[in-house]
Amino acid sequence: NPELLDWKDGLSPNDVMACAQKQQDMPVQIAPTIFLSDARNAHDIAKLKLRGVTHVLNVAGVSAQGDSIAYENAGIAFCMIEAEDEEGYPILAKHLEQALLFIQKAEENE
């Protein structure tokens, strides 16, 4: 039942708007050491540094590739995984191990 999964259930319109605005301010922290972002904000080195980001994992491939030299100059480690942004693409089966290795190395360096 989709209504049971509606995250807005029980929130006022103002609360929904506040949540939506907060979600637009990327990158957003989704775990103690992990932020999620879109390509535009992942390329904003100043914003990444302000948030304390030390590593960038791009799973959108070359279509969203950042400037690896700019990341390096800023002291941000960078890894690109060439996943396909297509429905049905087995991203976890193909790329989870590589992504986890990068994340584990990042956490070990903290």
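Take the sequence shown: its letters are residues 267 to 376, numbered as in the working numbering. Backbone N, C-alpha and C fix where the C-beta goes; we use that ideal spot for every residue, glycine too. Note that the structure is predicted; figures quoted are calculated from it, not measured.
8 Å contact criterion, which residue i and residue j should meet: CB distance rounded
i, j, result
"residue 377", "residue 342", "This structure leaves residue 377 out entirely; the chain is present only between 267 and 376."
Which residues DSSP lists as bridging residue i, in chain order
i, result
"residue 343", "321"
"residue 294", "302"
Straight-line Cα distance separating residue j from residue i
i, j, result
"residue 375", "residue 291", "27 Å"
"residue 348", "residue 362", "12 Å"
"residue 344", "residue 285", "29 Å"
"residue 379", "residue 370", "The shown model of the chain, from 267 to 376, leaves out residue 379, and the question about it has no answer."
"residue 340", "residue 316", "11 Å"
"residue 358", "residue 367", "13 Å"
"residue 365", "residue 322", "11 Å"
Count the C-beta pairs between the segment 329-346 and the segment 304-313 that are closer than 8 Å, then say yes if the count reaches three, no if not. Enough Cβ pairs lie closer than 8 Å, so yes.
Hey, which unbroken runs of the alpha helix (DSSP H) at 4 residues or more fall wholly within the segment 298-338? Those alpha helix (DSSP H) runs which fall completely within the segment 298-338 and span 4+ residues are 305-308 and 311-316.
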